[in-house]
Amino acid sequence: GAVVSQHPSRVICKSGTSVKIECRSLDFQATTMFWYRQFPKKSLMLMATSNEGSKATYEQGVEKDKFLINHASLTLSTLTVTSAHPEDSSFYICSARDPSGLQETQYFGPGTRLLVL
Amino acid sequence: GNSVTQMEGPVTLSEEAFLTINCTYTATGYPSLFWYVQYPGEGLQLLLKATKADDKGSNKGFEATYRKETTSFHLEKGSVQVSDSAVYFCALILIQGAQKLVFGQGTRLTINP
Numbered sequence: 046g047a048v049v050s051q052h053p054s055r056v057i058c059k060s061g062t063s064v065k066i067e068c069r070s071l072d073f074q075a076t077t078m079f080w081y082r083q084f085p086k087k088s089l090m091l092m093a094t095s096n097e098g099s100k101a102t103y104e105q106g107v108e109k110d111k112f113l114i115n116h117a118s119l120t121l122s123t124l125t126v127t128s129a130h131p132e133d134s135s136f137y138i139c140s141a142r143d144p145s146g147l148q149e150t151q152y153f154g155p156g157t158r159l160l161v162l
Numbered sequence: 007g008n009s010v011t012q013m014e015g016p017v018t019l020s021e022e023a024f025l026t027i028n029c030t031y032t033a034t035g036y037p038s039l040f041w042y043v044q045y046p047g048e049g050l051q052l053l054l055k056a057t058k059a060d061d062k063g064s065n066k067g068f069e070a071t072y073r074k075e076t077t078s079f080h081l082e083k084g085s086v087q088v089s090d091s092a093v094y095f096c097a098l099i100l101i102q103g104a105q106k107l108v109f110g111q112g113t114r115l116t117i118n119p
């Protein structure tokens, strides 16, 4: 199946710094990517939908100035957690929709674990 | 709204046991239903799916049938293996509109040899 990568897989940062997470579709061009947050023993919560060449659409309750999303190319979307605080510590997962396949099929990255000290 | 409810975990079974993980949903429209699996240290992978009522999705010995009358999509496997240990997520998507995946809370499955 299609492959989606994330980098880094794990990051530890100090409170107040910004962290960038990359999501890449390796063997297809993704016009739409999604960013999720997963809390321990909880489900994945959709944060935002990222469309190539346009502004991301954020879910209710997600601060767009806090979680900056850029989808500058058909194979790369980035999530920047600005001025990170300990409550931002979480597991962040991206997914990408392959436009050549079935519309409802999303391919997921392996996730990035963020720890803010 | 749209939501998915899975049985609480964790679930621990012995190898070759029969597995059922319950999943029910509520949806404002007519959803497609999915089971995703997350193996340790890996991303979510699509396990199986069903797009209309009475469809049965199957893969790797797992099955789930789309039951519109009970709004359910229970996951079953007749004989589990240690390699099936993972977290399983039930999910739905409405093809109409924004096409966002809505996940259940996940069920951690551990299979002991």
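Taken in order, these protein sequences are the chains called A and B. The first sequence runs 46 to 162 under our numbering. The second sequence runs 7 to 119 under our numbering. Each residue gets a CB set at the ideal place from its N, CA and C atoms; glycine is no exception.
Euclidean distance between Cα positions of residue i and residue j
i: V108 (chain B); j: I99 (chain B); result: 6 angstroms
i: A97 (chain B); j: C58 (chain A); result: 32 angstroms
i: F153 (chain A); j: Q44 (chain B); result: 10 angstroms
i: A70 (chain B); j: S91 (chain B); result: 18 angstroms
i: E97 (chain A); j: L119 (chain A); result: 6 angstroms
i: V10 (chain B); j: K66 (chain B); result: 23 angstroms
i: K58 (chain B); j: T157 (chain A); result: 34 angstroms
i: E21 (chain B); j: L53 (chain B); result: 20 angstroms
i: K111 (chain A); j: N118 (chain B); result: 43 angstroms
i: Q51 (chain A); j: Y81 (chain A); result: 13 angstroms
Chain B contact for residue i (CB, 8 angstroms cutoff)
i: Q151 (chain A); result: yes
i: P131 (chain A); result: no
i: V56 (chain A); result: no
i: S88 (chain A); result: yes
i: L71 (chain A); result: no
i: L119 (chain A); result: no
i: I138 (chain A); result: yes
i: L159 (chain A); result: no
Whole-number beta carbon distance between residue j and residue i, since they are thought to touch under 8 angstroms
i: L8 (chain A); j: Q83 (chain A); result: There is no way to answer for residue 8 (chain A), as the model of chain A reaches only from 46 to 162.
i: L19 (chain B); j: V86 (chain B); result: 6 angstroms
i: L159 (chain A); j: V56 (chain A); result: 6 angstroms
i: G112 (chain B); j: V88 (chain B); result: 19 angstroms between Cβ atoms; not a contact.
Closer than 8 angstroms to chain A by CB, residue i
i: L107 (chain B); result: yes
i: E48 (chain B); result: yes
i: G63 (chain B); result: no
- Taking the runs of the alpha helix (DSSP H) that are 4 residues or longer, which of them lie wholly in the stretch 90-117 of chain A? Taking only runs of at least 4 residues, no alpha helix (DSSP H) segment lies wholly in the stretch 90-117 of chain A.
- With a cut-off of 8 angstroms, do at least 3 Cβ pairs link the stretch 53-71 of chain A to the stretch 116-135 of chain A? yes
- Message: Quick check: the stretch 72-83 of chain B against the stretch 25-32 of chain B, are at least 3 beta-carbon pairs closer than 8 angstroms?
- Response: yes
- Can you give, in chain order, each stretch of the beta strand (DSSP E) that sits fully within the stretch 24-93 of chain B and has at least 3 residues? List check, beta strand (DSSP E) in window: 25-27, 29-32, 37-44, 50-56, 62-65, 68-71, 81-83.
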